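In this note's numbering, the protein residues as written are 26 to 415.
1) Could you spell out the range, first to last residue, of the beta strand (DSSP E) harbouring residue 323?
2) Between the alpha carbons of residue 57 and residue 27, how many angstroms are there, rounded?
3) Between the region 386-402 and the region 81-91, can you find at least three pairs of beta-carbon atoms closer than 8 Å?
4) May I ask you to report which of helix, strand or coil DSSP gives residue 205?
5) Excluding the 5 residues flanking residue 32 on each side, which residues of the same chain have their C-beta closer than 8 Å to its C-beta?
6) Should residue 113 go down as buried or exposed, given a rule of 16 or more other Cβ atoms within 10 Å for buried?
7) Just mark residue 128 as buried or exposed, buried being the case when its beta carbon has 16 or more other beta carbons within 10 Å.
8) Suppose you measure from the CA of residue 30 to the CA of residue 250; what does that come to, to the nearest Å?
9) Check whether the Cβ atoms of residue 280 and residue 263 sit closer than 8 Å, and answer yes or no.
10) Can you find a C-beta in chain C that's less than 8 Å from the C-beta of residue 403?
11) In terms of DSSP beta bridges, what is residue 408 paired with?
12) So what does residue 32 bridge to, in DSSP terms?
13) I'd like to check one pair, residue 313 with residue 63: are the Cβ atoms closer than 8 Å?
14) Determine whether the beta carbon atoms of residue 415 and residue 392 lie at a separation below 8 Å.
15) Taking residue 105 as the reference, which of 376, 360, 332 and 396 has the closest Cα?
16) Take every Cβ of the region 128-144, pair it with every Cβ of the region 169-184, and state whether three or more of those distances are shorter than 8 Å.
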């Protein structure tokens, strides 16, 4: 394998305080990074960089870790433009809109669904996302959920079984029967194809008892919990996530003091999804409250066709800084190291020896420009597993 050095980096975000200035971002100025194969083997000041086979001059621009998007719903078909238009005209967002996508997804071919995933992943990659999670949840039958996970698995290792997205329209009059399906035959068919299990614990979806039964059944099959929690209202989702040691509680918009304390004291990451609030004109999550309490916070896109149809992590960073009380440093950390924590990964979300060589070169001298220049395509180059892909 050949070694490559990226040199003359004005500002390097390592997310390792021991390598840089002692802050969580571990900033190094006038820096260099050395890649060997698919791994980072050296980071530090440019003047101390070892000799390498190849050199790429960053020309005074910033380098950050590739974004880790830990919450998306990409296995779908169809379009919900009319719903969005109606919402922007005054109609409230409700979880039941998912049924529209379920019908379209069931009708789509495997090839069409896989092409759709690839399309949005390429879109995300151009904006700096090098690791992503995605879910089922738009099939809601044994066959359709299993095929969604198989399709997702062609594109990522971070695959989540979300048969408990909403109660299937086929079981509208028998929600208990649908929970039995999700925890029985559907789980049996889906568990071999997933790493995670998720549930939408919310009014109009699944209550706390149902969510507990679903997550507990999944855990017994070797799947680790994640929870859609407290998005539309106060509820038991966050407490349940912490109790079951879920990797993340996602949304976290409506939190009691007890919810915040539980997240601060547990191992569950609070994953905030500002694209959803933007697209539904809902109340913003209070990131400042979580951070000040000591909770670990991640930022993700929640890319889906209904409530957050964006694949842009930079856009979510700008929203988090503008409307959720985060500093630019906190938002960039949350979108990289925070996302890695939400997936319980240590090999991504940082630029340090031994980490996977996932880097983003910005057309800017500092990571702060991601919030300072919202909407501007600042991603100049992307490396994933040591290979330049953008």
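Built from N, CA and C at the ideal position, the CB exists for glycine as well.
None of the values given here were measured: they were computed from a predicted structure.
The short version:
1) Along the chain shown, one-based indexing puts residue 323 at 298. First-last of the beta strand (DSSP E) with residue 323: 322-324.
2) Here residue 57 is taken as the residue at index 32 of the chain shown, counted from 1. Here residue 27 is taken as the residue at index 2 of the chain shown, counted from 1. Rounded to the nearest angstrom, the two C-alpha atoms are 16 Å apart.
3) yes
4) Locating residue 205 in the chain shown gives position 180, where the first residue counts as 1. Three-state DSSP puts residue 205 in a helix.
5) Your numbering for residue 32 matches position 7 in the chain shown. Contacts found: 57, 71, 74, 80, 81, 82 and 83.
6) For the purposes of this step, residue 113 is taken as residue 88 along the chain shown, with counting starting at 1. Exposed.
7) Working through the chain shown from its first residue, we reach residue 128 at position 103. It counts as exposed.
8) Position 5 of the chain shown holds residue 30. Position 225 of the chain shown holds residue 250. Cα-Cα distance, rounded: 39 Å.
9) Numbered from 1 along the chain shown, position 255 holds the residue referred to as residue 280. Numbered from 1 along the chain shown, position 238 holds the residue referred to as residue 263. Yes; because the gap between Cβ atoms is below 8 Å, this pair is in contact.
10) As a matter of chain content, chain C is missing from the structure shown, which is built from one protein chain.
11) As a position in the chain shown, residue 408 is number 383, starting the count at 1. For residue 408, which the question treats as bridged, DSSP gives the partners 384 and 413.
12) Here residue 32 refers to the residue found at position 7 when the chain shown is read from its first residue. Paired residue(s): 82.
13) To locate residue 63, count along the chain shown from 1; it is residue 38. To locate residue 313, count along the chain shown from 1; it is residue 288. No.
14) Stepping through the chain shown from its first residue, residue 415 is reached at position 390. Stepping through the chain shown from its first residue, residue 392 is reached at position 367. No. Outside cutoff.
15) The count along the chain shown starts at 1 and reaches residue 105 at position 80. Of the listed residues, the one whose Cα sits closest to residue 105 is 332.
16) yes
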